[in-house]
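Undergrad:
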Amino acid sequence: METIFFQDLGMVAYNVAWGYQETLMKANLEAKAKWYNATEQDKEEGADTVHHLLFCEHPHVYTIGKSGQMANLLVNNEKLKEMNVTFSQTNRGGDITYHGPGQVVGYPILDLERFFTDLGKYMRGLEEVIIRTLAQYGIVGGRLAGATGVWLDAEDKSKARKICAMGVRCSRWVTMHGFALNVNTDLSYFNYIVPCGITDKSVTSIKKELGRAVDEQEIKDKLVIEFGNVFGAEIISASETIMI
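Take this note's numbering: the final residue in the sequence shown is number 1246, and no numbers are missing along the way.
(1) For residue 1008, which of helix, strand or coil comes out of DSSP?
(2) For residue 1181, which beta-bridge partners are listed by DSSP?
(3) To the nearest angstrom, how far is it from the Cα of residue 1013 to the Cα of residue 1022?
(4) Quick check: what's the CA-CA separation for residue 1236 versus residue 1167?
(5) Alpha carbon to alpha carbon, what distance is there between residue 1144 and residue 1066?
(6) Just how far apart, CA to CA, sit residue 1208 and residue 1024?
(7) Could you check what DSSP says for residue 1052 in three-state terms: helix, strand or coil?
(8) Going along the chain, which residues of its own chain have a beta-carbon closer than 7 Å to the beta-carbon of residue 1097, five neighbours each way excluded?
(9) Taking the alpha-carbon positions, what's the residue 1138 to residue 1174 distance?
(10) With DSSP run on the structure shown, which of helix, strand or coil describes residue 1190?
(11) Would you call the CB atoms of residue 1113 and residue 1035 closer than 8 Å?
(12) Look up residue 1013 in the DSSP assignment and give the residues it is bridged to.
(13) Looking only at its own chain, which residues have a Cβ that is under 6 Å from the Cβ of residue 1225, when we skip the five neighbours before and after it?
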């Protein structure tokens, strides 16, 4: 069984969390490069990579992925400043999305070669973590054909709404970026973008679906447990954070 080191970074600027992910990913890529160049005898134990699961929350920010279209940002820089929202172009997959208070953001940095080498399976696994967590609140999450993330009423295109966005980067089977689950999120910020580039679907949150705010720490605790269950891993708290 693989071990994943968990850290809750709390409220942190998007670019700071991104930089921390890059640091952890770089360490794993360097470990894999060393392993690739090792003798066959030394390769028997596998690469000395370390799995991480980071949770955090971001101040208001719009982020856009490598395949994103700037036309999906519906406001100019002046309006962004007025709204106190920052903007970041990232190296993840996907289009534009919003991060902000009341949202649980998860960034797994995993060496998939120690799990499975199938990026589609990995994405379905992330979705399954969210689906299982939502089920504990009586919310039925599902998958929408041709789209990533977790949706409600996914089988009815006229009612389908996204509750969790996903976008990842994978290099030499090491992952970064991840998911953003709307818990107590102020959904009005999604009005200024075309979320994930999808024009005919809306977004929602756990709070909106239940009609009440929920304990975000409780959500995090359940997500950690389900992440371990889905990926068959032991998750333990990291002893220190090297981000800052």
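Note that CB positions come from ideal geometry on N, CA and C, so glycine has one too.
Bear in mind the structure is a predicted one, so any value in this text is a computation, not a measurement.
TA: For this structure:
(1) DSSP places residue 1008 in the strand class (E or B) of the three-state scheme.
(2) Note: residue 1181 sits in a beta bridge opposite 1108 and 1168.
(3) Between residue 1013 and residue 1022, the C-alpha separation is close to 14 Å.
(4) Pairing residue 1236 with residue 1167, the inter-Cα distance amounts to about 25 Å.
(5) In this structure, the alpha-carbon of residue 1066 lies about 24 Å from that of residue 1144.
(6) Going by the C-alpha atoms only, they are around 30 Å apart.
(7) Assigned with DSSP and collapsed to three states, residue 1052 falls in coil, not helix or strand.
(8) 1066, 1067, 1069, 1070, 1071, 1074, 1198 and 1199, listed in sequence order.
(9) Going from the Cα of residue 1138 to the Cα of residue 1174 covers about 35 Å.
(10) DSSP places residue 1190 within a helical segment (H, G or I) once states are collapsed to three.
(11) The answer is no: Cβ separation not under 8 Å.
(12) DSSP lists 1059 as partners of residue 1013.
(13) Excluding residues within five positions, the ones whose Cβ falls inside 6 Å are 1135.
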